[in-house]
Amino acid sequence: MFAKFRLKIALVFVDMFALSFSGLVGLCLRFNGWPEAPYIRTWGYYLLVGVPLYFVVYYYLGLYRHLWYYATASDLLTITGAVSIASISLYGIMHIGLRVDLLWSVLVIAWFINVLVVGGARFALRLRADFIKRSTMNGSKRTLILGAGDAGRILMEEIAKHPELDYKPIGFLDDDVQKVGLQVAGLPVLAKQDMLEETVLSHGVSNIIIAMPSAPSAKVKDLVQCCAMLGIKPKLVPGLYRVLNGGFNLNSLREVQLEDLLSRPEIKTDCAGIVSYVQSKTVLITGAGGSIGSELARQVAHFGAGKLLLLGHGENSIYQIHKELRQNFPRLALVPLIADIQDRPRIDEIFANHKPQVVFHAAAYKHVPLMEHNPVAAIKNNIFGTRHVVEAANKYRAECFVLISTDKAVNPYSVMGATKRFAEMLVQSTNLISASRFVAVRFGNVLGSRGSVVPLFKEQIARGGPVTVTHPDMTRYLMTIPEAVSLVIQAGSMGKGGEVFVLDMGAPVKIVDLARDMIILSGLKPDQDIRIEYTGIRPGEKLFEELLTAEEGIGTTQHQRIFIARQRVPDTHALSRALESFGSLVESGCQGKEVLDLVLGLAETPAQVTLSNANG
22 MFAKFRLKIA LVFVDMFALS FSGLVGLCLR FNGWPEAPYI RTWGYYLLVG VPLYFVVYYY
82 LGLYRHLWYY ATASDLLTIT GAVSIASISL YGIMHIGLRV DLLWSVLVIA WFINVLVVGG
142 ARFALRLRAD FIKRSTMNGS KRTLILGAGD AGRILMEEIA KHPELDYKPI GFLDDDVQKV
202 GLQVAGLPVL AKQDMLEETV LSHGVSNIII AMPSAPSAKV KDLVQCCAML GIKPKLVPGL
262 YRVLNGGFNL NSLREVQLED LLSRPEIKTD CAGIVSYVQS KTVLITGAGG SIGSELARQV
322 AHFGAGKLLL LGHGENSIYQ IHKELRQNFP RLALVPLIAD IQDRPRIDEI FANHKPQVVF
382 HAAAYKHVPL MEHNPVAAIK NNIFGTRHVV EAANKYRAEC FVLISTDKAV NPYSVMGATK
442 RFAEMLVQST NLISASRFVA VRFGNVLGSR GSVVPLFKEQ IARGGPVTVT HPDMTRYLMT
502 IPEAVSLVIQ AGSMGKGGEV FVLDMGAPVK IVDLARDMII LSGLKPDQDI RIEYTGIRPG
562 EKLFEELLTA EEGIGTTQHQ RIFIARQRVP DTHALSRALE SFGSLVESGC QGKEVLDLVL
622 GLAETPAQVT LSNANG
């Protein structure tokens with residue numbers, strides 16, 4: 022901060038010197054030598070009025086607030102305009118107010134010199150920054166470390182061990198003022214982190230590492246944004262636990278990712294509990310080629326499944342996850358299965374042949390606006406397809422069935438949400454008559470899943486924009502795919518049967534903020550390099566999603582990030598009648614409103630049992 026103030030004082034000094042010098046030079050040129058005494062007095066009035074006047078005009082037109090390291094041609098117009106306004110004002114005050122004769126020729130010469138000096142001083146800053154940047158591009162990585170704590174110290178020690186990587190650390194920045202001026206691991210703490218910009222430009226920094234693994238996401242976001250303005254993509258030290266337990270090396274450094282900018286508590290899983298119901302078991306994953314299904318497959322394989330059945334409708338996606346797992350888990354028995362969950366005989370055949378003990382049902386149509394236009398397809402897949410898998414799991418006595426549900430099932434406003442809510446009801450109802458455990462796990466959006474905004478925004482940014490956001494107030498619960506899946510598996514291990522588990526997704530995130538973060542992470546500036554455009558809410562969308570209804574309430578579990586929705590299970594006969602009605606809608610065709618009305622109407626039917634009674 023002090024460096025910025027010092028720079029402003031220097032610019033003020035240069036500007037006032039230019040004013041004094043320009044007036045005197047103008048008089049000398051006008052009279053071909055040293056002017057006579059009366060005109061020396063005119064020069065005195067010129068300075069007396071001009072110094073405060075020019076300062077005020079320059080200040081209000083931004084000549085002392087602008088970031089001149091990035092000066093452009095448009096900034097030259099601003100400078101020219103400021104000098105012109107100040108010069109005309111000075112001429113008017115001296116002639117009209119003071120009745121002092123200021124020759125026009127002198128004023129024009131002074132104007133030219135002022136534009137030259139005032140503009141030259143500022144563009145010199147831009148040229149200096151460009152020179153430093155060019156001089157370091159082909160040289161060693163002059164590295165600045167943000168954070169002089171334990172992580173920064175360990176990072177410095179690792180850099181010292183690997184001189185071949187050509188990192189050239191120049192120092193630390195840290196917000197602890199007591200550390201400034203001290204040395205950590207032989208490297209000076211140069212300043213506080215609000216001096217980032219000045220430090221980068223004055224020391225020719227080409228590489229920045231954020232060594233603050235426990236810093237809040239808002240702090241990381243501010244640093245990333247400042248780095249983006251400087252044209253540098255910072256790297257990030259991984260989590261503190263990994264650093265302090267010796268699992269860190271320089272290969273662990275990575276670029277800042279979107280999830281680093283989200284405010285979410287760290288996910289902790291009970292590995293022993295997961296292993297107990299997955300290890301050595303035959304596990305079936307429907308929708309195994311999708312974003313959630315493929316991550317389920319990876320984590321289930323990691324936890325020691327005996328045999329893994331990868332079921333999906335798309336051959337390419339199943340081929341890819343099968344190839345990946347075969348490479349990473351060569352001893353795991355893998356069975357790729359191409360099947361449509363709407364094909365009841367095929368689903369029954371798979372269960373009869375393989376007898377899966379644990380089933381994760383992730384296959385579903387999930388695109389909200391698309392399902393608004395295709396309600397019959399949503400019914401066939403999300404309701405009847407789920408019914409086929411549920412009935413087969415019950416028939417062949419699977420030990421545990423886990424339905425992957427969604428926050429769109431809460432107070433459903435869309436066809437997709439309504440069909441997923443009915444799928445939850447099917448699972449709960451079947452649990453009442455089955456020896457198997459049937460549970461559902463409800464969570465919000467995940468980062469990077471197919472059809473989500475993250476891949477869309479990446480594509481739009483790569484094209485140069487605009488990035489399209491439906492509404493400025495649109496919010497969503499967000500979690501990374503690995504985080505969501507680890508909690509899904511955890512919930513499956515905890516379920517006694519009949520629960521609808523709800524994952525704690527953290528605070529909801531504005532989609533427009535997500536878009537801005539992605540633009541910044543791309544090294545660009547929102548609304549300058551990439552424009553954000555609002556397109557309006559799409560069919561079936563809400564401004565915000567819910568994880569619970571007001572009527573449901575919530576129960577706790579032994580895991581702090583997993584809760585239970587206290588729901589009433591609709592009467593079995595009511596569900597049967599609803600299934601018949603859905604069958605009629607499929608045969609005759611239907612509108613989305615009919616699907617919503619049918620599902621919402623079930624909430625008013627008599628409840629067969631409450632969840633608390635079922636688990637009591």
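Counting from 1, position 599 in the sequence shown corresponds to residue 620 in our numbering; the numbering is continuous, with no gaps.
Glycine is no exception: its CB is placed at the ideal position from the N, C-alpha and C atoms.
Owing to the predicted nature of the structure, the values given are computational and were not obtained by experimental measurement.
Buried or exposed for PRO493, going by 16 or more other Cβ atoms inside 10 Å?
As a position in the sequence shown, residue 493 is number 472, starting the count at 1. When all chains shown are included, PRO493 counts as exposed.
Apart from the five residues on each side of it in sequence, which residues of its chain come closer than 8 Å, Cβ to Cβ, to ILE583?
Residue mapping note: residue 583 aligns to position 562 of the sequence shown, counting from 1. Cβ within range, chain order: LEU508, GLN511, ALA512, MET515, PHE522, VAL523, LEU524 and ASP525.
Spatial neighbours of ILE342 within its chain, please: CB distance less than 7 Å, with the 5 preceding and 5 following residues excluded, ordered by chain position.
For this step, residue 342 is matched to residue 321 along the sequence shown. Counting only Cβ-Cβ distances below 7 Å, and skipping sequence neighbours, we find ALA309, GLY310, SER315, ALA318 and LEU331.
How far does the beta strand (DSSP E) with LEU388 in it reach, from first residue to last?
Residue 388 sits at position 367 when you count from the first residue of the sequence shown. Checking the sequence, you will find His at residue 388 rather than Leu. It is not in any beta strand (DSSP E) - HIS388 carries neither H nor E in the DSSP assignment.
Three or more C-beta pairs closer than 8 Å, one from the region 406-413 and one from the region 583-592: is that the case here?
The region 406-413, when compared against the region 583-592, does not touch it at the 8 Å Cβ threshold.
Within a Cβ cutoff of 6 Å, which residues of the same chain sit near PHE565, ignoring the five residues on either side of it in sequence?
Your numbering for residue 565 matches position 544 in the sequence shown. THR496.
For CYS248, which residues from the same chain have a beta carbon less than 6 Å from its beta carbon, with the 5 sequence-adjacent residues on both sides left out?
The residue you call residue 248 lines up with position 227 of the sequence shown. Same-chain partners within the cutoff: ILE229 and PRO255.
Which residue marks the beginning of the alpha helix (DSSP H) containing GLU218, and which one marks its end?
Your numbering for residue 218 matches position 197 in the sequence shown. Note, GLU218: alpha helix (DSSP H), 217-224.
Going by Cα to Cα distance, which pick from LEU424, ALA326 and VAL380 is closest to ARG418?
Your numbering for residue 418 matches position 397 in the sequence shown. Nearest of LEU424, ALA326 and VAL380 to ARG418, Cα basis: VAL380.
Among the candidates VAL475, VAL136, ALA103 and LEU208, whose CA atom is the shortest distance from the CA of PHE76?
For the purposes of this step, residue 76 is identified with residue 55 of the sequence shown, where counting begins at 1. Of the candidates VAL475, VAL136, ALA103 and LEU208, the one whose C-alpha sits nearest the C-alpha of PHE76 is ALA103.
Over the uninterrupted beta strand (DSSP E) stretch that includes PHE324, give me the two end residues.
As a first step, residue 324 is located in the sequence shown; it is residue number 303 there, counting from the start. Premise fails: PHE324 is in no beta strand (DSSP E) and is neither H nor E.
Could you pull out every residue in the same chain whose Cβ sits closer than 8 Å to the Cβ of PRO209, ignoring the five residues on either side in sequence?
To locate residue 209, count along the sequence shown from 1; it is residue 188. Cβ within range, chain order: GLY192, PHE193, GLY202 and LEU203.
In the DSSP assignment, what are the bridge partners of HIS343?
Here residue 343 is taken as the residue at index 322 of the sequence shown, counted from 1. BP columns for HIS343 are empty, so no partner.
Assuming ILE134 contacts LEU50 under a Cβ cut-off of 8 Å, what Cβ separation, rounded to an integer in Å, is found between them?
Position 113 of the sequence shown, counted from the start, is the residue given in the question as residue 134. Position 29 of the sequence shown, counted from the start, is the residue given in the question as residue 50. About 10 Å separates the two Cβ atoms, so there is no contact after all.
Could you have a look at GLY113 and say whether DSSP puts it in helix, strand or coil?
Residue 113 sits at position 92 when you count from the first residue of the sequence shown. Residue state, collapsed to three classes: helix.
Excluding the 5 residues preceding and the 5 following LYS416 in the sequence, name in chain order all residues of the same chain whose CB lies nearer than 8 Å to its CB.
As a working note, residue 416 is residue 395 in the sequence shown. Cβ within range, chain order: ASP369 and PHE372.
Starting from the C-beta of LEU251, find all residues in its chain whose C-beta is less than 6 Å away, skip the five residues before and the five after it, and write them out in chain order.
Your numbering for residue 251 matches position 230 in the sequence shown. Contacts found: VAL221.
If you draw a straight line from the C-alpha of ALA39 to the C-alpha of ARG120, how long is it?
Within the sequence shown, the letter at position 18 stands for residue 39. Within the sequence shown, the letter at position 99 stands for residue 120. Near 24 Å, if we compare the C-alpha coordinates of ARG120 and ALA39.
Quick check: the Cα distance between GLY327 and GLN378, rounded to an integer number of angstroms?
For the purposes of this step, residue 327 is identified with residue 306 of the sequence shown, where counting begins at 1. For the purposes of this step, residue 378 is identified with residue 357 of the sequence shown, where counting begins at 1. Each residue's Cα considered, the two are about 10 Å apart.
Bridge partners of GLN204, per DSSP?
As a working mapping, residue 204 is identified with position 183 in the sequence shown. Answer is PRO209.
Quick check: the Cα distance between ALA483 and GLU554, rounded to an integer number of angstroms?
As a working mapping, residue 483 is identified with position 462 in the sequence shown. As a working mapping, residue 554 is identified with position 533 in the sequence shown. Taking the straight line from one Cα to the other gives about 16 Å.
Using the C-alpha atoms, what's the distance from MET233 back to LEU257?
Along the sequence shown, one-based indexing puts residue 257 at 236. Along the sequence shown, one-based indexing puts residue 233 at 212. For LEU257 and MET233, the distance between alpha carbons rounds to 8 Å.
Reducing DSSP to helix, strand and coil, say where ILE30 ends up.
Position 9 of the sequence shown, counted from the first residue, corresponds to residue 30. The answer is helix: DSSP assigns ILE30 an H, G or I state.
Thinking PRO433 and LEU617 are a contact (beta carbons under 8 Å), I'd like their distance in whole angstroms, please.
In the sequence shown, residue 433 corresponds to position 412, counting from 1. In the sequence shown, residue 617 corresponds to position 596, counting from 1. That pair is a contact at about 6 Å.
How do the region 135-144 and the region 164-178 stand: do at least 3 beta-carbon pairs fall below 8 Å, yes or no?
Segments in contact, no.
Could you say which of LEU391, ILE362, PRO390 and MET392 lies nearest to PHE405 if we only look at CA atoms?
Start at 1 with the first residue of the sequence shown, and residue 405 comes out as number 384. The option with the nearest alpha carbon to PHE405 is ILE362.
What residue from ASP195, ALA360 and SER609 has the CA that sits closest to ARG174's CA?
Walking along the sequence shown from the start, residue 174 turns up at place 153. Selected option, being the one with the closest Cα: ASP195.
What residue does the beta strand (DSSP E) around ILE553 start on, and which one ends it?
To locate residue 553, count along the sequence shown from 1; it is residue 532. Segment 553-555, the beta strand (DSSP E) holding ILE553.
From the DSSP secondary-structure annotation, give me the bridge partner or partners of ILE230.
As a working note, residue 230 is residue 209 in the sequence shown. Paired residue(s): ILE166 and LYS256.
Sorted by chain position, which residues of the same chain lie with C-beta nearer than 6 Å to PRO547's C-beta, five sequence neighbours on each side aside?
Here residue 547 refers to the residue found at position 526 when the sequence shown is read from its first residue. Excluding residues within five positions, the ones whose Cβ falls inside 6 Å are ARG537 and ILE540.
Using DSSP bridges, identify the partner residues of PRO487.
As a working note, residue 487 is residue 466 in the sequence shown. Note: PRO487 sits in no beta bridge, so no partner.
Using DSSP's beta-bridge definition, name the partner residues of LYS189.
Counting from 1 along the sequence shown, the entry for residue 189 is found at position 168. In DSSP, LYS189 forms a bridge with ARG163.
Which stretch, first to last residue, makes up the beta strand (DSSP E) that contains LEU468?
Against the sequence shown, residue 468 aligns to sequence position 447. From DSSP, the beta strand (DSSP E) with LEU468 extends over 466-468.
Could you check if VAL264 is buried or exposed, using at least 16 other CB atoms within 10 Å of its CB as the buried criterion?
Numbered from its first residue, the sequence shown carries residue 264 at position 243. Residue confidence for VAL264 is low, a pLDDT of 45 falling below 50, so the modelled location carries little weight; the figure read from the coordinates is stated next. Counting Cβ neighbours within 10 Å, VAL264 comes out buried, since at least 16 surround it.
Would you mind reading off the limits of the alpha helix (DSSP H) that contains ILE502?
Against the sequence shown, residue 502 aligns to sequence position 481. Looking at the DSSP string, the run of the alpha helix (DSSP H) that includes ILE502 is 502-515.
Provide the residue(s) that pair with SER238 in DSSP beta bridges, ordered along the chain.
Locating residue 238 in the sequence shown gives position 217, where the first residue counts as 1. Its beta-bridge partners do not exist; DSSP assigns none.
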